[in-house]
Every structure is written in C-alpha cells, then in structure tokens.
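Participant:
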Amino acid sequence: MSSSEPLLDVRDLHVDIPLMTGVLHAVRGISFSVGRGETLCLVGESGCGKSLTALAVMGLLPRRARRRAAQLRFAGQDMLQLDTRGLEKLRGDRMAMIFQEPMTSLNPAFTIGDQLAEVLRQHRPVSRREARDRAVFLLEKVGITAAASRLGQYPHQLSGGLRQRVMIAMALMCGPELILADEPTTALDVTVQAQLLHLLVDLQREFGMAMIFITHDLGVVSRIADKVAVMYAGKVVEAGGCQRIFRDPLHPYTRGLMRCIPVPGRTKPGEKLAAIPGIVPALVGEMTGCAFRYRCPMAHDACADDPVPVRGAAGEADHRYRCVLTPERLREEAVWEGAA
Amino acid sequence: MLSYALKRTGVAVLLALCVSFGSYMLVFLAGDPAILLAGETGTAADAERIRQIYGFDDPIVFQYANWLGRVLQGDLGRSLYFNQPVTTILLGRIPVTLGLGTAAILFALALAIPLGIAAARWRNTIVDRGALLIAVVGQAMPSFWFSLILVIWFSVKYPLFPTSGSETWRHFVLPTIVLGYFAAPAIMRLTRSGMATVLDSDYIRTARAMGISARKIMFKHALRNAILPVVSLSAAQFGYLLAGSVVVESVFAIHGAGRLAWESVLRSDLPTVQALVLAFSLMYILLTLAADLVNAWLDPRLRS
Chain P
6 MSSSEPLLDV RDLHVDIPLM TGVLHAVRGI SFSVGRGETL CLVGESGCGK
56 SLTALAVMGL LPRRARRRAA QLRFAGQDML QLDTRGLEKL RGDRMAMIFQ
106 EPMTSLNPAF TIGDQLAEVL RQHRPVSRRE ARDRAVFLLE KVGITAAASR
156 LGQYPHQLSG GLRQRVMIAM ALMCGPELIL ADEPTTALDV TVQAQLLHLL
206 VDLQREFGMA MIFITHDLGV VSRIADKVAV MYAGKVVEAG GCQRIFRDPL
256 HPYTRGLMRC IPVPGRTKPG EKLAAIPGIV PALVGEMTGC AFRYRCPMAH
306 DACADDPVPV RGAAGEADHR YRCVLTPERL REEAVWEGAA
Chain H
496 MLSYALKRTG VAVLLALCVS FGSYMLVFLA GDPAILLAGE TGTAADAERI
546 RQIYGFDDPI VFQYANWLGR VLQGDLGRSL YFNQPVTTIL LGRIPVTLGL
596 GTAAILFALA LAIPLGIAAA RWRNTIVDRG ALLIAVVGQA MPSFWFSLIL
646 VIWFSVKYPL FPTSGSETWR HFVLPTIVLG YFAAPAIMRL TRSGMATVLD
696 SDYIRTARAM GISARKIMFK HALRNAILPV VSLSAAQFGY LLAGSVVVES
746 VFAIHGAGRL AWESVLRSDL PTVQALVLAF SLMYILLTLA ADLVNAWLDP
796 RLRS
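Structure representation (structure tokens):
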C-alpha cells in the first residue's frame with residue numbers, strides 16, 4: 006500500500022431501492038475519498054442520500070437496498086470483494102459507526118459493560134478483565150464520571166447524551182482508523198450537542214482517526230471539516246476543502262444553504278429566516294439533467310441535459326462542482342436575493 | 496429483582512384466593528347441593544338434614560373459610576362418584592396430565608422457536624412460507640382428527656406406538672405430538688414477528704456495525720429481546736394444554752386430569768369438579784408468575 010493512497014476511496018457509488026412504484030435511486034454515483042486523520046463532512050438535507058452513503062460503505066444497508074460501485078477501497082482492501090466474514094472483521098475493529106438515535110442504538114437487555122467489552126472481545130483475544138479495563142478507560146475518555154460503576158448499568162438508566170457517549174466509547178474500543186458519524190448530535194439538547202462535538206473532535210485528534218461526519222448543519226461543518234461534500238438528491242453537487250467551500254461557494258444549492266444559516270448579530274430579531282423554496286424531488290425512476298433545477302433561481306433550458314458538467318474552480322484542483330454555469334457566471338449573480 | 500419477585504408473588508397469592516372463592520361458589524351454581532345430594536327419591540326433610548350435616552345453612556363466607564381451611568390441609572372433600580377422598584384421586588391423575596402437558600409444551604417449543612427464528616431470518620422466502628404453512632395446518636387441524644390420523648399411520652399401519660393407554664413412555668408419544676403441534680403455531684408466529692421486529696431495530700444495526708458475528712447477533716442480541724412475549728404466551732399455552740387436553744386424553748384413553756374433569760362434569764361429581772377447577776387455576780397462576788419472573792430476569796426494564 007502506497008502512502009499516498011487515501012484511507013477510504015469510493016468511486017461511483019450507487020444505492021438502489023426497489024419499490025412497488027419503481028426503483029428509488031437514492032444514491033446516484035457519488036465519489037469521494039478520505040485520507041488518514043482527515044475529516045470529511047457529507048452535507049445535505051433529509052433524503053439526499055447521505056446516511057445511505059455511510060451505510061453502504063459499512064455494508065449495513067437495509068436488506069432491500071442494493072449497492073454497486075466502481076470502487077470501494079479501505080486501507081488497501083477491496084471491500085467489494087469481501088464476504089460477510091471479511092466485513093465483520095473490518096467493522097467495529099478498523100472502521101466503526103456512530104448513529105443518530107442514541108435512545109435506541111444500545112441493546113436494552115445487556116449492561117453497558119457487557120456491550121462495550123463484547124466489541125473488543127469480538128476482535129481481539131483479550132481477557133474479560135482487559136476488555137473491562139479498556140471499557141472503563143474509554144468511558145472516562147468520553148467524559149463519563151464514575152465509569153467503573155456505570156459498567157453494570159443498563160441503557161434505560163442513562164440519559165440520551167450519556168448513551169451517545171457510550172456509543173462513541175463503543176466505536177473506539179478497538180481503536181479504528183475510520184469513524185463514520187451519522188448526525189450523532191442531532192437528537193440531543195443543544196448544550197449537549199456542542200459538548201459532544203468537541204469531544205468527538207478531540208478524540209479524533211488524540212487517536213489519529215479519519216472521520217466521515219454526516220450532518221445538515223453547516224455551522225458544525227465549518228468547525229470540524231477538512232473537506233466538504235455537499236449532496237443533493239443522491240449526487241455530490243459541490244466538493245472541496247472546507248475553507249474554500251465556505252469562502253467561495255459556487256453551486257447555487259451550496260450558496261442557498263449558506264444563506265440559510267442565521268448569524269447572531271447579522272440576522273435581525275424577528276426577521277424571516279431564509280429558506281430554499283420547494284422540496285427535494287422524488288428519486289424514483291430515471292432522472293436526467295440537474296436535479297436541483299426545479300428549485301434553482303438560475304435554472305434554464307440547458308439544465309435538463311445530461312450529463313451535467315463537473316467543473317473545477319480556477320486554480321483549485323479539488324474544489325469541484327456540478328453545474329452548467331461557469332464560476333464567473335455563478336459568482337457575479339447574487340443568486341438568492343429576493344428568492345425567498 | 497427481589498422486590499419485584501416478592502410483589503409479583505404477593506399478587507399471585509391474592510389472585511389464587513379470588514380463584515379459590517370462585518371455585519368454591521361453583522357448588523352453588525349447579526343448584527341447591529342439598530337437594531342434589533338427597534337424590535331423586537329424597538324428601539324435603541332429607542334435604543334439610545343434609546343441609547345441617549354439611550353446613551349448607553351457614554353463611555357463605557363462613558362455609559368458604561371452613562372449606563379453605565380444609566383445602567389448605569389437603570382435604571378436598573370426598574368424590575360423590577368414587578366415594579374416595581378427592582385428593583387421592585387427583586394425586587393419581589394430575590401427574591399424568593402434567594407429564595403429558597410438559598412433554599407437549601417442550602415439543603411445541605422445540606418445533607416453534609427454531610422455525611420462528613428461521614422464518615424471521617429468511618423473511619418472505621420459501622423458508623418463511625413453509626413455516627407459515629406448517630403453522631396454518633397446525634392451527635386449523637382438529638385435534639381428534641389429527642389423533643386418529645396418527646393412530647392409523649403409526650399404530651395400525653406401522654405399529655410403532657400403542658393406540659391407547661398411559662402405562663409406558665411410548666403411550667405418550669402420539670398424544671404429545673398432537674398436543675404439541677396444536678400449541679406450536681401461535682408460539683411460532685409470535686417468535687417470527689418478534690424476531691423480525693428486533694432484527695430491524697437500531698441496536699441490532701449497532702451490533703452489526705461493531706462487527707459482532709451474525710450468529711451471536713441472532714441468538715444473543717436479537718433472541719433475548721424477541722423472546723419476552725413468547726415466554727408469556729408459552730406459559731399461557733402450557734396452562735391451556737393442562738386443562739384442555741380432554742379430547743386427546745379421550746382419544747388415547749389416557750387417564751389424566753382432563754378426562755377426569757370431563758367425566759366428573761357428566762357425573763355431577765361436584766367436589767371433584769371443584770377440586771379440578773381449583774387445581775387448574777392454581778397451575779395457571781403459577782405458570783403466569785413463572786413467566787413474569789423469567790421475563791424480569793431477561794429484561795432489566797421490567798424489574799424497575
């Protein structure tokens with residue numbers, strides 16, 4: 006394995022879900038890569054396929070969903086060739102996932118200690134005692150006080166925030182190289198959200214893990230991301246370095262999202278919050294052209310044509326976006342003024 | 496756990512008292528027991544004397560307290576038909592029914608739980624459909640008919656098992672199959688639906704995301720949660736098998752408590768009927784209590 010190879014490399018990933026009414030193309034050919042220690046944020050509104058993308062990488066898609074990809078490589082291994090056993094060996098050991106719903110993501114019938122220890126003992130030939138010690142160590146790491154006494158507790162005895170900390174500890178049991186976090190703070194109180202976000206970033210640095218962080222919250226993205234991929238209707242519409250994207254967003258969708266962030270001080274009290282009009286289109290059946298054209302203030306006839314060109318912003322090799330318009334055209338118009 | 500167990504046991508004892516009062520009152524449901532005892536040729540004076548001898552003219556609560564005191568000492572009265580203590584008769588019959596019922600419920604569980612798990616694991620496939628077919632047939636087939644079919648095949652055509660009686664274990668094989676197959680469908684369907692729900696749950700996805708092996712997820716993480724309603728249902732089914740095995744006991748001429756109950760009703764042998772109702776009810780209460788305690792042990796949320 007060459008050192009320049011990214012930790013995770015995904016090329017042309019599709020997720021299809023057969024329905025009664027046709028095939029739902031939930032993820033429609035997305036590509037991205039994550040280097041060691043790097044944080045990639047997948048951003049988009051509900052139903053854009055960001056969660057399914059993460060589940061597809063982990064091989065955890067719902068049973069009806071079908072996955073195909075041109076390439077899915079993790080740490081030099083071709084994940085497309087792995088059988089169930091091979092996948093089980095990878096999951097929880099070298100790549101782990103944290104979910105959105107802390108209230109239901111832990112097994113109600115077993116103690117926290119059992120569930121934490123089980124992960125380590127599944128992947129490493131360690132004794133009960135060693136697994137327990139690792140669990141206590143990590144529970145302390147994720148900021149749980151009196152960790153040793155918590156081991157005997159059941160999930161229903163803990164608050165949502167504590168359960169999510171336990172989930173993080175569980176994901177870290179084997180010291181994975183990659184963490185996939187699917188909106189891990191969305192279901193929590195705002196104060197707890199901020200704490201958990203800091204915790205996750207600190208742990209990521211300390212353990213040198215790469216992270217794919219899925220969120221719809223651009224405020225979070227600006228604080229933690231190295232790279233950003235903005236998703237719309239199953240496709241990446243704009244991707245690039247975090248600073249680039251925030252300083253010079255090009256795609257009308259990205260710019261619309263940015264405009265929706267209320268800024269303390271700038272957004273006046275009582276002022277109507279910005280929104281992107283319309284809803285995400287249904288993804289059942291074939292779709293041609295740009296999926297955003299139904300909501301885009303700059304849409305014109307050419308947007309319905311296939312394929313939509315993927316362009317680079319001049320001078321920035323990895324800042325790319327999917328639109329018929331040139332960067333110059335996009336920059337010169339205040340696209341969203343008066344749109345809402 | 497201990498306080499929960501004590502509380503549940505307390506409730507069970509109270510319930511048993513209510514049931515015992517109910518079963519005592521059965522005597523009066525069937526008409527005036529004194530007239531019944533005096534018989535068709537008895538005079539009004541005979542009935543009055545019987546009333547005094549048996550204490551039927553005392554207040555009901557007083558009679559009940561007396562009766563309960565005797566029952567607690569193991570005295571269930573005398574059978575009008577056998578002219579023997581009911582306790583003696585019951586001690587001869589109940590072990591037979593209990594043995595048959597236990598064998599049947601074990602057979603039902605051994606058939607239903609693996610089938611239910613397999614049906615949930617391979618949902619909407621041929622495995623699931625096959626399991627459903629087995630369940631539907633078991634549910635729809637009348638016990639007496641299935642009994643006769645088994646007798647024709649495995650006693651007459653191929654004499655593997657005796658047609659009737661209750662002397663050796665071989666006498667119990669066919670009745671066990673009939674009763675067990677009757678109890679299995681409900682248990683199987685509940686296992687399937689429970690497993691199907693649990694396998695789609697978030698914590699199973701978590702276990703998979705942590706690389707826990709498929710077998711461990713199935714039999715440790717999922718089954719532990721899916722089995723709770725199955726435990727309750729199995730206890731109810733067990734109780735039902737004990738009290739409702741009349742048909743099967745009749746077909747195979749097994750002298751168990753179910754058959755005794757049926758015959759005693761026909762003979763108007765009230766003390767025996769009363770004792771059987773009490774015995775069956777108590778077994779039911781005990782089974783429900785056991786199911787609740789097992790569930791509390793399985794699911795920590797039920798303990799608090």
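Taken in order, these protein sequences are the chains called P and H.
Using this note's numbering, the first residue of the first sequence is number 6, and each one after it goes up by one.
Using this note's numbering, the first residue of the second sequence is number 496, and each one after it goes up by one.
Ideal Cβ positions, reconstructed from N, Cα and C, are used throughout, including at glycine.
Quantities reported herein were computed from a predicted structural model and do not represent experimental measurements.
(1) Taking only beta carbons into account, state which residues of the region 100 to 117 of chain P come closer than 7 Å to chain H, listed in chain order.
(2) Tell me whether P/D187 is buried or exposed, calling it buried when 16 or more other Cβ atoms sit within 10 Å of its Cβ.
(3) Using 8 Å as the cut-off, can you tell me whether the region 42 to 53 of chain P makes contact with the region 216 to 235 of chain P, which would need three or more C-beta pairs spanning the two stretches below that distance?
(4) Buried or exposed: which applies to P/R327, given that a residue is buried once 16 or more other Cβ atoms fall within 10 Å of its Cβ?
(5) Go through its chain and collect everything with a Cβ distance to H/H666's Cβ below 6 Å, but skip five positions before and after it.
(6) Answer with buried or exposed for P/N112, where buried requires no fewer than 16 other C-beta atoms within 10 angstroms of its C-beta.
(7) What's the call for P/S51, buried or exposed, on a 16-neighbour Cβ count within 10 Å?
(8) Beta-carbon separation of P/R402 and P/P254 under 8 Å?
(9) Cα separation between P/A345 and P/I281?
(10) Can you grab the Cα-Cα spacing for the pair H/A774 / H/N578, in whole Å?
(11) Between P/T190 and chain H, is the shortest Cβ-Cβ distance under 8 Å, so that the two count as touching?
(12) Which stretch, first to last residue, makes up the alpha helix (DSSP H) that contains P/E182?
(13) Is it the case that the Cβ atoms of H/V668 and H/S638 are separated by a distance below 8 Å?
(14) So which residues on chain H does P/Y159 lean against when the C-beta distance must stay under 8 Å?
(15) To the nearest angstrom, how far is the alpha carbon of P/E211 from that of P/L143?
(16) Does the distance from the CB of P/V141 to the CB of P/A152 come in under 8 Å?
(17) Determine whether the Cβ of P/G81 lies closer than 8 Å to any Cβ atom of chain H.
(18) For a test of the three-state rule: what should DSSP assign to H/M636, helix, strand or coil?
(19) Could you spell out the range, first to last residue, of the alpha helix (DSSP H) harbouring P/Q86?
(20) Could you tell me which of P/D311, P/T190 and P/D88 sits nearest to H/S708, measuring between CA atoms?
(21) P/H128 lies in the alpha helix (DSSP H); which residues open and close that run?
(22) Would you please verify whether the beta carbon of H/D764 is less than 8 Å from any beta carbon of chain P?
(23) Looking only at its own chain, which residues have a Cβ that is under 7 Å from the Cβ of P/R300, when we skip the five neighbours before and after it?
(24) Using the DSSP secondary-structure output, state which residues sit across from P/Q76 in a beta bridge.
(25) If you compare alpha carbons, which of P/G81, P/L60, P/A80 and P/F79 is closest to P/R71?
(26) In this structure, how does DSSP classify P/A345 when only helix, strand and coil are distinguished?
(27) Does the region 159 to 175 of chain P touch the region 200 to 218 of chain P, meaning 3 or more C-beta pairs lie closer than 8 Å?
(28) Less than 8 Å between CB atoms is the rule here; does H/I780 satisfy it with respect to chain P?
(29) Spatial neighbours of P/C53 within its chain, please: CB distance less than 8 Å, with the 5 preceding and 5 following residues excluded, ordered by chain position.
(30) Out of curiosity, what's the CA-to-CA distance linking H/A630 and H/A599?
(31) What are the residues that DSSP puts in a beta bridge with H/R546?
(32) Using DSSP with H/G/I as helix, E/B as strand and the rest coil, what is P/A101?
(33) Tell me whether P/H203, by its Cβ, gets closer than 7 Å to a heavy atom of the ligand FAD.
(34) Can you look up H/F775 in the DSSP assignment and give me helix, strand or coil?
(35) Within the same chain, show all residues whose beta-carbon is closer than 7 Å to that of H/T504, passing over the 5 residues directly before and after it, in chain order.
(36) Between H/A709 and chain P, is any beta-carbon pair separated by less than 8 Å?
Facilitator: A quick look at the data gives this:
(1) A101, M102, F104, E106, T109, S110, L111, N112, P113 and A114
(2) buried
(3) yes
(4) buried
(5) P657 and G660
(6) buried
(7) exposed
(8) Since the first residue shown for chain P is 6 and the last is 345, residue 402 of chain P is missing from the structure and cannot be characterised.
(9) Bear in mind that a pLDDT of 43 at P/A345, under 50, signals an unreliable position, so the number given afterwards is only what the model happens to contain. Rounded to whole angstroms, P/A345 to P/I281 spans 7 Å at the Cα level.
(10) 20 Å
(11) no
(12) Note, P/E182: premise wrong, no alpha helix (DSSP H); not H, not E.
(13) no
(14) P795 and R796
(15) 12 Å
(16) yes
(17) no
(18) coil
(19) It is not in any alpha helix (DSSP H) - P/Q86 carries neither H nor E in the DSSP assignment.
(20) P/D88
(21) I117 to H128
(22) no
(23) I281, P282 and G283
(24) P/R16
(25) P/L60
(26) Only weak support exists for where P/A345 lies, its pLDDT of 43 falling under 50; the coordinates are left without a value.
(27) yes
(28) no
(29) M236, Y237, A238, G239 and V285
(30) 16 Å
(31) In DSSP, H/R546 forms no bridge with anything.
(32) strand
(33) Inclusion of the ligand FAD in the displayed structure is not the case, the ligand content being empty and no account of it being possible.
(34) helix
(35) L784
(36) yes
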